[in-house]
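Working notes, beginning with the structure itself.
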Amino acid sequence: MKRIVIYTNQFFGQVGGEEQANIPPLFKEGAVGTANLFRQALKDAELTRTIICGDNYFSENVSKASEEIMIMIKEAKPDIVIAGPAFNAGRFGMACGEICSRVEKEMNIPAVTAIYEENPAVEIYKSDVTIVKSGKSAASMKKTVEAMTGIVKKIMEGTELEKPESVLIPKGIRVNVFKEKTGAVRALDMLVAKLNDEPYESEVPIPSYDVIEAAPPILKVEEACIALVTSGGIVPNGNPNHLPAATAKFYSRYNISGINALRKGDYESVHAGYDPVYGNDDPNRIVPLDIMREMENNGRIGKLYPYFLSTTGNSTSVADAKRMGKEMAMELNNNGVDGVILTST
Amino acid sequence: MNLEIREFAVKNIAFGDETRYIDHELTLNREEITRVIKKDMRVSKVEIDLARPGESVRILPVKDVIEPRTKNEQAAFPGILGEFEGIGEGITYALKNCAVVTTGPIVGFQEGIIDMSGPLTDYTPFAHLNNIVIQIEKQAGIEPHEHEEVVRLAGVTAAEFIARCVRETEGYTKKIISWKSAYELASEYPELPKVVYVYNCMSQGLLHDTYYFGKDSKKMLPTLVSPLAVYDGAIVSGNCVSPGSKTTTYHHQNNAIIEECFKRHGEEICFIGIVLTPLMITLEEKIRNKEITAGLVELIGADGVVQSQEGFGNPTTDLMMICEALEKKGIKTVIITNEDAGVDGKSESLPDGTLLADAVVTTGNSNAMIQLPPMKKVIGDLKSIERTTGGFVGSVQSDGSLLIEVHGIMGSHNLQGYSKLSAVTV
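Those protein sequences? They're chains C and V, same order as listed. For the first sequence, the numbering used here begins at 20 and goes up steadily by one. For the second sequence, the numbering used here begins at 39 and goes up steadily by one.
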């Protein structure tokens, strides 16, 4: 029999109202308060413990409170944790999100909560936590508990969740599925609907992109430290850091101090997205070290940063690209670099 | 304009003394086919294997897949093997459920993998074909660009040569495909919405090229093409783009969108034309081609467009620009793309977009990882996975299984919508 632990607040745990919102975490064996609704609905499981924490206590001591709660949860050795439902309660929503997130990460067991879609906790925790949609208030308790227990039952039975599961708030994760119809058939279905002004659903939401503001110009470039950065996949011959040909998740730095140009044969392109012949023939075409060194010697720039940074910008997800960009910028900032020549391919 | 396609359903393949087709069994004379390929002096070595559906066989790195087809006097694949005349008319012979698969030492970085059994069979349509796998090695000193040409020609030559054995054979399914001028088609079905297919093809430079009537597509402007010419091998893949999003020659010959447009023609839509558009590298070329493509679509009077892509990233910009231009002209557009949503599926999944792209079909997240069990037999070079798209150093696990991203799989998310893979948000 699967063991379930319930997390709730002072109100739904029947300790008291707002006047009890400062109570630290406590637990009671078995089901207390709303936990009884789950006990009735989940007859095949054992509700071993109900953990209750005051809303204020949690929100004012998030790390301490959640640590104390985690100890109580771990003691009970659950297979699944249920938190809430929190409805539109701000503090309680955050507590449910935080506890579920920690349970999944630290204990590697499933956790389920229910929160109203516009509750701020949703935006913070939705990508990590299984959140069932709920109404704004406890008026939707019955329906919410039904939906939660539906998901919990599926998890207990090992039934794969639907993609997507209509009662859940989407985590925003794209997962692959096999449709019944081919892409071409779906495209024509969609076109016919669009032409006939009938409803259809696009399969990809169009993202809105960040607008990147250009940095102000360098006023005295003859005093500036300039770095060379490329997404063109230039690496020392033999690719010592194993930079992948596509979807790279890291960048490498290579020392170019004392080198006047990237010599053919010493460097190569490992980028799978373009024809590397010309880049291999003259790697300076992609990392223009030769020209930059000349400019440094002529005093047209202050100096060249002693490393070039390289990654393969090929089938890279926007998230990975953003992260690598930040990491590069941090390294360059910390090392007094004023400007960058970023070459793409 | 009528084209008769005689389809021969291959149920088994085997080696034998002569290349022949009897009772759905295709027998291949290995030496003869080798000789035909080796007429190209740049080929140093040819090895031919067979890979049938269900066998424990892994093929990599695969460059192209080609359906064997020929005509009577005229060779299929105009401008590459034969003359230009006579394409899209007369009789075409096609060996169905069968393909020539080209492999050998890696040409670019973007050759892919085909497994004939196991989980990959859900992802690659080529697992379900009787495959004639040709490993081609080049003479020393041949540069990568010429290497690509050598392998491309070898594949197409073999496919055409093998198909010749059915020219006198009965026992086929006859398909007649008719095509008319846009004006006649539109007059026949005045009440139906007129649909044009915008057919984007990879044209980003050597190793990323497509050939139309034998011409390197990056040297051409967007143009009207006949679907009958497409069936006759007018479009041949010459590229090494990501295997998952590569339009193989097989995909061109069996273009899923053209098939679907024909199915609905006269019922739900009036299919009036195809515009073939090269996907180019520079912004200037993208803008030029966008204007010409949208102009051609408007000129022949389309109400709606379905647009396919090849490759991902840079070509997504062409796709979106053309979509925007068409929508601004009031032409309702649906596009097909794949996604790069990251291994965890949490990233924004398209590198470019327009708010006017409100009807998008996705062929899946190419970054998703898949583990493949070991196969008993490997045709090609298992280690090459480390250097190809979708693979990485460490892809080969200690038990011989492979860990790769979906876009390392041949045809896994074909952007003409040939397959059923898609993605949803959970």
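Ideal Cβ placement from N, Cα and C applies to all residues, glycine included.
Is the beta carbon of residue j closer than 9 angstroms to that of residue i?
i, j, result
"P182/V", "D294/C", "yes"
"T149/C", "C115/C", "no"
"P412/V", "S450/V", "no"
"V74/V", "A196/V", "yes"
"F115/V", "V48/V", "no"
"L210/C", "A397/V", "yes"
"V172/V", "V139/V", "The question names Val, but residue 172/V in the sequence shown is Ile. Their beta carbons are under 9 angstroms apart, which means I172/V touches V139/V by this criterion."
"V344/V", "L207/C", "yes"
"C72/C", "I101/C", "no"
"M39/V", "E127/V", "yes"
"G446/V", "G429/V", "yes"
"M410/C", "L328/C", "Since the displayed chain C opens at 20 and closes at 364, residue 410/C lies outside it and no answer follows."
"I118/V", "A267/V", "no"
"R110/C", "S78/C", "yes"
"L441/V", "G432/V", "yes"
"F350/V", "S280/V", "yes"
"L361/C", "T249/C", "yes"
"C299/V", "P231/V", "no"
"G88/V", "N169/V", "It should be pointed out that residue 88/V corresponds to Leu in this sequence rather than to Gly. Yes, the Cβ-Cβ distance between L88/V and N169/V is below 9 angstroms."
Hey, is residue i's beta-carbon within less than 9 angstroms of any beta-carbon in chain V?
i, result
"I150/C", "no"
"Y286/C", "no"
"I192/C", "yes"
"Y144/C", "no"
"K345/C", "no"
"I225/C", "yes"
"A195/C", "Just to set this straight, residue 195/C is Asn in the shown sequence, not Ala. Judged by the 9 angstroms Cβ criterion, N195/C is in contact with chain V."
"S329/C", "no"
"A54/C", "no"
"T335/C", "yes"
"N215/C", "yes"
"D301/C", "no"
"Y219/C", "yes"
Around the Cβ of residue i, are there at least 16 other Cβ atoms within 10 angstroms (buried) or fewer (exposed)?
i, result
"R121/C", "buried"
"K124/C", "exposed"
"K152/C", "buried"
"G103/C", "buried"
"S82/C", "exposed"
"Y250/V", "buried"
"E149/V", "buried"
"L337/V", "exposed"
"Q409/V", "exposed"
"Q435/V", "exposed"
"S276/C", "exposed"
Beta-carbon of residue i versus every beta-carbon of chain C: anything under 9 angstroms?
i, result
"Q112/V", "no"
"S82/V", "no"
"C299/V", "yes"
"E443/V", "yes"
"P231/V", "yes"
"T427/V", "yes"
"S94/V", "no"
"N515/V", "The structure shown has nothing for residue 515/V, since chain V only spans 39 to 464."
"Y456/V", "yes"
"A379/V", "yes"
Looking at the structure shown, is residue i part of a helix, part of a strand, or coil, going by DSSP?
i, result
"C278/V", "coil"
"T19/V", "A question about residue 19/V goes unanswered here, because the residues of chain V that appear run from 39 up to 464."
"H9/V", "A query on residue 9/V cannot be resolved here, the shown segment of chain V reaching from 39 to 464 and no further."
"I42/C", "coil"
"K345/C", "helix"
"Q173/V", "strand"
"V434/V", "strand"
"G446/V", "helix"
"P265/V", "helix"
"S460/V", "strand"
"N258/C", "coil"
- Query: Considering only residues of the stretch 264-323 of chain C, which uninterrupted beta strand (DSSP E) runs meet the minimum length of 3 residues and lie entirely inside it, listed in chain order?
  - Reply: The DSSP assignment places 271-274, 286-288 as complete runs of the beta strand (DSSP E) inside the stretch 264-323 of chain C, in order along the chain (cut-off: 3 residues).
- Query: For the stretch 291-359 of chain V, which segments carrying the beta strand (DSSP E) assignment without a break, of at least 3 residues, lie completely within its bounds, in sequence order?
  - Reply: For the stretch 291-359 of chain V, the continuous beta strand (DSSP E) assignments of 3+ residues that do not extend past its boundaries occur at 308-317, 342-346, in sequence order.
- Whole beta strand (DSSP E) elements within the stretch 378-423 of chain V, 3-residue minimum: The stretch 378-423 of chain V contains these whole beta strand (DSSP E) runs: 398-403, 407-410, 415-418.
- Please go through the stretch 132-195 of chain C and give each complete alpha helix (DSSP H) segment of 4 or more residues, from N-terminal end onward. Qualifying alpha helix (DSSP H) stretches, in chain order: 139-144, 160-176.
- Task: Tell me the start and end of each unbroken alpha helix (DSSP H) in the stretch 44-131 of chain V that is at least 4 residues and wholly inside, in chain order.
- Result: Every alpha helix (DSSP H) of 4 residues or more that sits fully in the stretch 44-131 of chain V is shown, in chain order, as 68-76.
- Which full runs of the beta strand (DSSP E) of 3+ residues lie inside the stretch 56-107 of chain C, going along the chain? The qualifying runs are 64-72, 99-106.
- Message: Give the list of continuous alpha helix (DSSP H) stretches no shorter than 4 residues that lie fully inside the stretch 207-242 of chain V.
- Response: Counting only runs of 4 or more, we get 220-226.
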